[in-house]
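Enquirer: If you read the sequence shown in the working numbering, its first letter stands for residue 159, the second for the next number, and so on.
We put the beta carbon where it would ideally sit given N, CA and C, even for glycine.
A quick note: this is a predicted structure, and the numbers were derived from the prediction, not measured.
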Amino acid sequence: MKCSVLTRCASAGALSFTLVYPALAQEALPTIDIGSESGRAGAAPELGPGGRFTGYAADFKKPAASAKSDIPLLQTPFNIQKVSRETLDDRQAINLKDAVLDNVSGVSVSYQQLDRFVVRGFDLNHEIYRNGLRTPWAAGRDTANLQSIEVLKGPAAMLYGRVEPGGLVNLVTKRPLFEPYYSIQEQTGSFGLTRTTVDATGPLTSDKSLAYRVNGVYARSDSFRDFVTSRNILIAPVVTWRPIEQFRLNVEAELRDSVFADVGDIGIPAVGKTPADVPVGRYLGDPTIVLGRPNRQKTAFAGYDWTYDIDADWSVTNRFGYNFEMARRTSVYIAALDEATGIAQRSAYLMDRSTNNVTTNLDVKGAFTTGFLKHRVLLGFDYLNAELRDSGYDGGLPFLAPINIYAPVYSGLRLSSFGSDYNVFLRRKESWKGLYGQDFISFADDRLHVLLGGRYDWSNYGSSYSSNSMFEADANFRSASDKAFSPTVGVVVQPQPWLTVPSRIVLKLADAAPRQSRISDQAARSMG
Numbered sequence: 159m160k161c162s163v164l165t166r167c168a169s170a171g172a173l174s175f176t177l178v179y180p181a182l183a184q185e186a187l188p189t190i191d192i193g194s195e196s197g198r199a200g201a202a203p204e205l206g207p208g209g210r211f212t213g214y215a216a217d218f219k220k221p222a223a224s225a226k227s228d229i230p231l232l233q234t235p236f237n238i239q240k241v242s243r244e245t246l247d248d249r250q251a252i253n254l255k256d257a258v259l260d261n262v263s264g265v266s267v268s269y270q271q272l273d274r275f276v277v278r279g280f281d282l283n284h285e286i287y288r289n290g291l292r293t294p295w296a297a298g299r300d301t302a303n304l305q306s307i308e309v310l311k312g313p314a315a316m317l318y319g320r321v322e323p324g325g326l327v328n329l330v331t332k333r334p335l336f337e338p339y340y341s342i343q344e345q346t347g348s349f350g351l352t353r354t355t356v357d358a359t360g361p362l363t364s365d366k367s368l369a370y371r372v373n374g375v376y377a378r379s380d381s382f383r384d385f386v387t388s389r390n391i392l393i394a395p396v397v398t399w400r401p402i403e404q405f406r407l408n409v410e411a412e413l414r415d416s417v418f419a420d421v422g423d424i425g426i427p428a429v430g431k432t433p434a435d436v437p438v439g440r441y442l443g444d445p446t447i448v449l450g451r452p453n454r455q456k457t458a459f460a461g462y463d464w465t466y467d468i469d470a471d472w473s474v475t476n477r478f479g480y481n482f483e484m485a486r487r488t489s490v491y492i493a494a495l496d497e498a499t500g501i502a503q504r505s506a507y508l509m510d511r512s513t514n515n516v517t518t519n520l521d522v523k524g525a526f527t528t529g530f531l532k533h534r535v536l537l538g539f540d541y542l543n544a545e546l547r548d549s550g551y552d553g554g555l556p557f558l559a560p561i562n563i564y565a566p567v568y569s570g571l572r573l574s575s576f577g578s579d580y581n582v583f584l585r586r587k588e589s590w591k592g593l594y595g596q597d598f599i600s601f602a603d604d605r606l607h608v609l610l611g612g613r614y615d616w617s618n619y620g621s622s623y624s625s626n627s628m629f630e631a632d633a634n635f636r637s638a639s640d641k642a643f644s645p646t647v648g649v650v651v652q653p654q655p656w657l658t659v660p661s662r663i664v665l666k667l668a669d670a671a672p673r674q675s676r677i678s679d680q681a682a683r684s685m686g
């Protein structure tokens, strides 16, 4: 028997309707828990069907995935905020920006088109991680296949190497469950929003050693701005194999295809000290160009992670991820404005991008006691190799006429390709290897905790730019190498079981960009 469940807390302007199997008709709805997550998805039946009823707050007695260790969240000297699955569902946060900006303090967006955040005043650039591994830049990530989102605030060089001092965002994906669960959800909202999601999981074998999960999304929306649209398709399968109690393997993939017409459009220009007196929905780009060559992003991910529990205190975990992306960006923007007449000169920015990203790490975790000292140790190694290539055009187009912002007349030309006149060619490549270790020492009846750790990095970064060809950009490629040790010391005072006062000192390896390489403004914009 099937059961229809209306999402408990529909957001303003949106309605969500969900069909769930197995049936809950004979059961009361779970109590809304504003406390903690009860456990790991797939391992704790109190999480409810699909692992959705997690509570709103993190369980401070359990570790955070982004900390890479078994240290309880309450005791770690890292500041980590967690957005649970139930929070995402009840607030209907359908994309990463909504999920982070609405639920994590001190975070803003640095670049409207991309999932790019500012934390503690630092632009994180593209520091978005997936299950502890770095991913390339992206726009409009969907939350359908996420179990939680963690925002680590502050320096994390010892764990992750060359990351920004503001911290990082880590996406924790859904895992297969060994109890069957099937869900279809339909959401509608303002500006023509429609979003259909599918979530199916269950065992594949009678002994429940093998299980699967598939999440799928189709979403499209218009905007308050004329001509601005978006469409997103996502499919994310994952398989879990657990032949013995001590070993578990997850193999997952993700395919995403997003099309969006000027989601980060140029907006309304200023006249004097105030926005121009035009309708808020006025579009001042060129819809025929943008619709003929819309922004598009195709991403593919494949990866695995496995963990082997050596005994009750020691375990080994290995993760691997490969990301490939092809993207196209099109934007028409105002280059100059005559405030007296309202006539705006416009330029166009067109870009084709490809990225490849390979990353892996190995963690060994353990616990032991020496006298009155309790030790929880972490030893690890990680590796990243990432390359980006951009080919594009930035500047005026002969057929792109000036526009009157008060009475716009658009060109009527549909632009499908423009490769022969590209004038921006960029190549960027980076790689690093890192060895790290930490010892979390507890004593004084678990009222004092000291973290001692360090990391040694070997880093290489290279870039080049040309206004003529990618061949010339390859010929101009220069790189620089660096290596450094990043120590960390943390002290946590725990006067009560429910109260801790953390402090931490961290040094990090800065980006090793080649001093002899000069990248133009166009290339810098292309790097996004």
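If you reduce the DSSP assignment to three classes, tell me which class threonine 234 lands in.
Expert: Looking at threonine 234 - three-state DSSP - the assignment turns out to be coil, as it is neither helix nor strand.
Enquirer: Report the rounded CA-to-CA distance for aspartate 191 versus threonine 212, giving the unit in angstroms.
Expert: Confidence at aspartate 191 is low in this model, with a pLDDT of 46, below 50, so its placement is unreliable and no value can be given for it.
Enquirer: Just tell me which of Ile501, Thr234 and Gly350 has its CA closest to the CA of aspartate 377.
Expert: Correcting the residue identity first, residue 377 is alanine in this sequence and not aspartate. Ranking the options by Cα distance to alanine 377, first place goes to Gly350.
Enquirer: Helix, strand or coil for tyrosine 623, going by three-state DSSP, please let me know.
Expert: The answer is strand: DSSP assigns tyrosine 623 an E or B state.
Enquirer: Kindly give me the distance between the Cβ atoms of threonine 475 and leucine 291, rounded to whole angstroms, as I take these residues to be in contact under 8 Å.
Expert: So it is not a contact: roughly 12 Å between Cβ atoms.
Enquirer: Please classify tyrosine 580: does DSSP put it in a helix, a strand, or coil?
Expert: Coil, per DSSP.
Enquirer: State the DSSP-derived secondary structure class of phenylalanine 629, mapped to helix, strand or coil.
Expert: Phenylalanine 629: helix per DSSP, three-state reduction.
Enquirer: Are valine 276 and valine 262 closer than 8 Å when you measure CB to CB?
Expert: No, they are not a contact pair.
Enquirer: Taking only runs of the alpha helix (DSSP H) that begin and end inside the region 423-504, which ones reach a length of at least 4 residues, in chain order?
Expert: Listed in chain order, the complete alpha helix (DSSP H) runs (minimum 4 residues) inside the region 423-504 are 445-450.
Enquirer: Taking the straight line between their C-alpha atoms, what separation do you get for threonine 658 and valine 649?
Expert: Rounded to whole angstroms, threonine 658 to valine 649 spans 10 Å at the Cα level.
Enquirer: Please return the same chain residues whose Cβ sits closer than 8 Å to the Cβ of proline 188, not counting the five positions on each side in sequence.
Expert: Any reading at proline 188 must be qualified, since the residue scores a pLDDT of 47, below 50, and its modelled position is unreliable; the value itself is stated next. If we look at proline 188 and ignore the five residues flanking it on each side, its Cβ neighbours are Gly206 and Phe211.
Enquirer: How close, in whole Å, do the beta carbons of tyrosine 619 and alanine 638 come, if the pair is a contact with beta carbons under 8 Å?
Expert: With a Cβ gap of about 6 Å, tyrosine 619 and alanine 638 count as contacting.
Enquirer: If valine 309 and valine 327 are in contact, beta carbons under 8 Å, what's the gap, nearest whole angstrom?
Expert: So it is a contact: roughly 5 Å between Cβ atoms.
Enquirer: Under 8 Å by Cβ, that's how I've got tyrosine 491 and tyrosine 507 pegged, so tell me the actual separation to the nearest angstrom.
Expert: Confirmed, Cβ separation roughly 7 Å.
Enquirer: Three Cβ pairs or more, each shorter than 8 Å: is that satisfied between the region 498-514 and the region 530-546?
Expert: As far as the Cβ criterion goes, the region 498-514 touches the region 530-546, which means the pair count is three or higher.
Enquirer: Whole angstroms is fine: what's the gap from aspartate 579's alpha carbon to glutamine 503's?
Expert: For aspartate 579 and glutamine 503, the distance between alpha carbons rounds to 20 Å.
Enquirer: Closest to glycine 125 by C-alpha separation, out of Ser505, Ile468 and Pro395, would be which residue?
Expert: What the structure shows of the chain is the stretch from 159 to 686, and residue 125 is not part of that stretch, so it cannot be assessed.
Enquirer: What's the call for phenylalanine 583, buried or exposed, on a 16-neighbour Cβ count within 10 Å?
Expert: It is buried - the Cβ of phenylalanine 583 has at least 16 other Cβ atoms within 10 Å.
Enquirer: What is the DSSP secondary structure of phenylalanine 382, counted as helix, strand or coil?
Expert: Reduced to three states, the DSSP call for phenylalanine 382 is coil.
Enquirer: Let me know the secondary structure DSSP gives aspartate 228 once reduced to three states.
Expert: Looking at aspartate 228 - three-state DSSP - the assignment turns out to be coil, as it is neither helix nor strand.
Enquirer: My output table needs one value for serine 367: the three-state DSSP class, helix, strand or coil.
Expert: In this structure, serine 367 counts as coil in the three-state DSSP scheme.
Enquirer: Once the 5 residues before and after glycine 425 are set aside, which same chain residues still bring their CB inside 6 Å of it?
Expert: Nothing listed; no residue qualifies.
Enquirer: Under 8 Å between the Cβ atoms of serine 227 and phenylalanine 598?
Expert: Yes, the pair counts as a contact, with Cβ atoms nearer than the cut-off.
Enquirer: Can you tell me whether DSSP reads valine 241 as helix, strand or coil?
Expert: In the structure shown, valine 241 sits in a strand (DSSP, three-state: E or B).
Enquirer: With 8 Å set as the bound, which would you pick, yes or no: does the beta-carbon of aspartate 260 sit closer than that to a beta-carbon of chain D?
Expert: Included in the structure is just one protein chain, with no chain D present.
Enquirer: Could you spell out where the alpha helix (DSSP H) holding aspartate 256 opens and where it closes?
Expert: Element bounds for aspartate 256: 254-261.
Enquirer: With DSSP run on the structure shown, which of helix, strand or coil describes serine 569?
Expert: If DSSP states are grouped into helix, strand and coil, serine 569 belongs with coil.
Enquirer: Measuring alpha carbon to alpha carbon, tell me which of Arg487, Tyr441 and Trp399 ends up nearest leucine 362.
Expert: Nearest C-alpha to leucine 362: Trp399.
Enquirer: From leucine 259 to glutamate 403, what distance separates their C-alpha atoms?
Expert: Distance between the alpha carbons of leucine 259 and glutamate 403: 39 Å.
Enquirer: I need the boundaries of the beta strand (DSSP E) containing alanine 215, first residue and last residue.
Expert: Here alanine 215 belongs to no beta strand (DSSP E), and DSSP marks it neither H nor E.
Enquirer: Where does isoleucine 561 sit, in a helix, a strand or coil, going by DSSP?
Expert: Strand.
Enquirer: Tell me, to the nearest whole angstrom, how far the beta carbon of glutamine 455 is from that of alanine 434; I am working on the premise that it is less than 8 Å.
Expert: With a Cβ gap of about 31 Å, glutamine 455 and alanine 434 do not count as contacting.
Enquirer: Return the residue from the list Gln343, Ile561, Tyr594 and Gln250 that minimises the CA-CA distance to leucine 520.
Expert: Of Gln343, Ile561, Tyr594 and Gln250, the residue nearest in Cα terms is Tyr594.
Enquirer: Quick one: what does DSSP say serine 268 is sitting in, helix, strand or coil?
Expert: Reduced to three states, the DSSP call for serine 268 is coil.
Enquirer: How many angstroms separate the CA atom of proline 445 from the CA atom of alanine 565?
Expert: Straight-line Cα distance between these residues: approximately 15 Å.
Enquirer: Alpha carbon to alpha carbon, how far is leucine 231 from tyrosine 339? Give it in angstroms, no decimals.
Expert: Distance between the alpha carbons of tyrosine 339 and leucine 231: 30 Å.
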